[in-house]
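Residues in the sequence shown are numbered consecutively from 1, following full-length UniProt numbering.
Idealized CB from N, CA, C, for every residue including glycine.
Below is one structure, written out as structure tokens; the observations come after it.
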Amino acid sequence: SIKPLSDSGSEALRRKAERALEVINAVEMLVASGTRKTSAVMMVANETGVGKTTINNWYRDLRGLNRCDWLPALAPHYGAGGNAAECSPEAWEMLKADYLRVEQPNFTDCYRRTKRVAEKEGWKILSEKTMFRRMQALAPELLVLARQGVDALKRLYPAQQRRRDVFHALQAVNADGHRWDVFVKWEDGTIGRPVMVGFQDLFSGMILSWRIDKSENAETVRLAFGDMVETYGIPKMCYLDNGRNFASKWMTGGIPNRFRFKVKEDEPVGIMTQLGVEVHWTTPYSGQSKPIERAWRDLAQGAAKHPKFAGAWTGNNPMAKPENYASKAVPIEVFTETIAAEIREHNARTGRRSAVCGGKLSFMEAFKASYEASPIVKATAEQRRLWLMAAESIKPDRRTGEITLEGNRFWAEELMALRGQPCVVRFDPQALQEPLHVYRADGTFVVSAPCNAAVGFSDKIAAQEHGRARRKFVKAAKEQLEATKTLSLRELAALSAPMLEDEPEPLEAKIVTPFQPAPRFHGNAALAPEPMRFEDEDEDRDAAEAAKILNFMRG
């Protein structure tokens, strides 16, 4: 069979084949009109400037073929030029081992080292250009994997196109952290690059919430998640980076498939687990898995280079440092206000070319249209405590039930039932004087315990208030005791009075054994034991002595 011309060569070969076919068709037309073939070939050769031998060779190539196969058959077929030049296998293997490394050495250097060894070992090696062509003839994926690594190889494979219009607003969200290329000055005077954690709606692409801190930590993730739920509602699915902070047990505790922590029986149930959010883990640093990374890239190009940040931009890599590097640090208040404005503009910018926006809508408009027509789950007041306060396992005092946290003491009457038992407390680390929300280990809410602040030693008013509170506590306990005990002491005594019965006749022992006490001392110092006397013997002796005395007086 004839290989199609479209698969067998370049455009230049196609043009040559078409030119040859025109010459052959001209000869065929003359032959069809009655001209002898030899004369027709001569006439066409003189007219086109193509040699008669060339035309005859073309006819030889077309012998036995259908007319429809003439064009690909007339295309020039260049061979490989004979057998390839010989090269010692040892030299070729050494060159490949040297060149196919992630350090990406220069081919000329690799060839020079190989040639030096080949001359010493007597190997046959070809010219540098020939060896380079052989190296480049290897599979492209092999060259990329060997010299650039697995990540570069993955980029060669076409990315999967995921349709996000299968969701509705707030049905699925994704989250990620981003370190800004801007120096800021924090409240304590330190200077550093801030980190932002954000949640993005997958359907529309709108950034729903974000928080800024010195580092990407579980506290920032929790607060950003809480802002989203507080403002818009509870998502059904959440795609998270399998990082240490997003896999924190306070966020996803109790989920069996978490990667970072082992699920324990006494582990506090995570916020997302209690809210019924279905968590999906993605590959870190994979923009294909988390569309929010595209949003971070856009903001890094625009917001990070805002005029207010002039002199504070660090560059996105060590080789891209500006001339005014580290010449300024933006106050954190200015940075936060500017980023907030930039994110609002990012959400409100029209003409987005996503499948949902259709080149007309903004992320915010697409989200709003779907949000108003979709079922949204809102959080209750009890659920709001889950993200407003951080969580920490702790045991109340075994005697009073008091909880001590970061030097602050919290107490409520309900804590008496939790004395010495593991529980979970949720608190705001930036407002530790606020009430402490106490839960059992299984997530059951118990009480919001107020903070008992320390007072001055001579603070009389505080002492009076403490005394009143204690008396109130004692009074309540007494009332509770009275309500619990339905019988009075008089009634209890009446029920417990002994019943009068006839006294039983005394029993008389049949066998009596005299008691012989043990000696008080042992050895030579031991006292001689006194003879055992009974009460009857003493009475007889006393009577005899009295009789002797009476006889003497009479005498």
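>> Once DSSP output is grouped into helix, strand and coil, what is the label at R164?
In response: Secondary structure at R164: coil, using DSSP grouped into helix, strand and coil.
>> By the three-class DSSP mapping on this structure, what secondary structure does C87 have?
In response: Judged by DSSP in its simplified three-state form, C87 adopts coil rather than helix or strand.
> From G315 to W180, what distance separates their C-alpha atoms?
Replying inline: The straight-line gap from Cα to Cα measures roughly 10 Å.
> Residues bridged to K185 by DSSP?
Replying inline: Per DSSP, I191, P331.
> Looking at C-alpha atoms only, which residue of M237, A312, G276 is the closest neighbour of V282?
Replying inline: Residue 282 is actually Thr in this sequence, not Val. Distances from the alpha-carbon of T282 to those of M237, A312, G276 put M237 closest.
> Going by DSSP, what residues sit across from Q200 in a beta bridge?
Replying inline: Paired residue(s): N174, I207.
> Helix, strand or coil: which one does DSSP assign to R440?
Replying inline: In the three-state reduction of the DSSP assignment, R440 falls in the strand class, which pools E and B.
>> Among the candidates A412, W58, E93, P331, whose CA atom is the shortest distance from the CA of G192?
In response: Among A412, W58, E93, P331, the Cα nearest to that of G192 is on P331.
> Mind checking V438: buried by the 16 CB within 10 Å criterion, or exposed?
Replying inline: Buried, since its Cβ has 16 or more Cβ neighbours within 10 Å.
> Is T231 closer than 8 Å to V197 when the C-beta atoms are compared?
Replying inline: Contact flag unset, no.
> Can you name the start and end residues of the alpha helix (DSSP H) that M110 belongs to?
Replying inline: Just to set this straight, residue 110 is Cys in the shown sequence, not Met. Membership of C110 in the alpha helix (DSSP H) is indicated by the continuous run 107 to 121.
> Under a Cβ-count criterion, where at least 16 other Cβ atoms within 10 Å of its own Cβ denotes burial, should A20 be classed as buried or exposed?
Replying inline: Counting every other CB atom within 10 Å of its CB across the protein chains shown gives A20 a total of 16 or more, marking it as buried.
> How is W411 classed by DSSP in three states: helix, strand or coil?
Replying inline: In this structure, W411 counts as coil in the three-state DSSP scheme.
> Distance, Cα to Cα, A341 vs L432?
Replying inline: In a straight line, the C-alpha of A341 is about 31 Å away from that of L432.
> Do you know how far the Cα of D165 is from the Cα of K321?
Replying inline: Note on geometry: alpha-carbon atoms of K321 and D165 lie some 40 Å from one another.
> Nearest to M206 by alpha carbon, out of M135, L153, L299, L62?
Replying inline: The shortest Cα separation from M206 among M135, L153, L299, L62 belongs to L299.
> Can you give the beta carbon distance from S88 to K37, rounded, assuming they're within the 8 Å contact cut?
Replying inline: So it is not a contact: roughly 55 Å between Cβ atoms.
>> My assumption, with CB atoms under 8 Å, is that F367 sits in contact with D201. Please give the rounded CB distance.
In response: Confirmed, Cβ separation roughly 6 Å.
>> Could you compute how far the alpha carbon of I403 sits from the alpha carbon of S362?
In response: Computed Cα separation, rounded: 50 Å.
> Which residue's Cα is closest to the Cα of P278: A303, Q301, P235, R294?
Replying inline: According to the sequence as given, residue 278 is Glu; it is not Pro. It is P235 whose Cα lies nearest to the Cα of E278.
>> Bridge partners for H280 per DSSP, in chain order?
In response: Answer by DSSP bridge pairing, in chain order: Y239.
> Buried or exposed: which applies to L126, given that a residue is buried once 16 or more other Cβ atoms fall within 10 Å of its Cβ?
Replying inline: Label assigned to L126: buried.
> Using DSSP with H/G/I as helix, E/B as strand and the rest coil, what is C313?
Replying inline: In the sequence on display, residue 313 carries Trp and not Cys. Note: W313 maps to strand in three-state DSSP.
> From what residue to what residue does the beta strand (DSSP E) around L405 run?
Replying inline: Looking at the DSSP string, the run of the beta strand (DSSP E) that includes L405 is 403 to 405.
>> So if DSSP puts I125 in a beta bridge, which residue, or which two residues, is it bridged to?
In response: Under DSSP, I125 takes part in no beta bridge, so it has no partner.
> What do you get for E216, buried or exposed, if any count of 16 or more other CB atoms within 10 angstroms of its CB means buried?
Replying inline: If you draw a 10 Å sphere on the C-beta of E216, you find 16 or more other C-beta atoms in it, and that means buried.
>> What would DSSP say about R398, mapped onto helix, strand or coil?
In response: In the displayed model, R398 falls within coil according to three-state DSSP, outside both helix and strand.
> What are the boundary residues of the alpha helix (DSSP H) that V221 is part of?
Replying inline: Where V221 is concerned, the enclosing alpha helix (DSSP H) stretches over 218 to 231.
> What does a CB cutoff of less than 7 Å around V377 pick up in its chain, not counting 5 residues either side in sequence?
Replying inline: Within the same chain, V377 has close Cβ partners G233, I234.
> What's the gap between the Cα of W411 and the Cα of R211?
Replying inline: A direct Cα-to-Cα measurement between W411 and R211 gives close to 32 Å.
>> Does G456 pass the burial test, meaning 16 or more other C-beta atoms within 10 Å, or should it be called exposed?
In response: With a pLDDT of 39 at G456, under the threshold of 50, the modelled position of that residue is not reliable, and no figure is offered here.
> Which value, in whole angstroms, describes the spacing of the CA atoms of P478 and T273?
Replying inline: Correcting the residue identity first, residue 478 is Lys in this sequence and not Pro. One C-alpha to the other measures close to 41 Å.
> Using DSSP with H/G/I as helix, E/B as strand and the rest coil, what is Q300?
Replying inline: Note that residue 300 is Ala in the sequence shown, not Gln. Assigned with DSSP and collapsed to three states, A300 falls in helix.
> In chain order, what residues of the same chain lie with their CB nearer than 8 Å to the CB of W70, ignoring the 5 residues before and after it?
Replying inline: These residues qualify, in order along the chain: L21, I24, L62.
> For V447, does the three-state DSSP call read helix, strand or coil?
Replying inline: The answer is strand: DSSP assigns V447 an E or B state.
>> If I measure Cβ to Cβ from R398 and keep anything under 7 Å in the same chain, skipping five residues before and after, which residues do I get?
In response: Within the same chain, R398 has close Cβ partners R419, G420.
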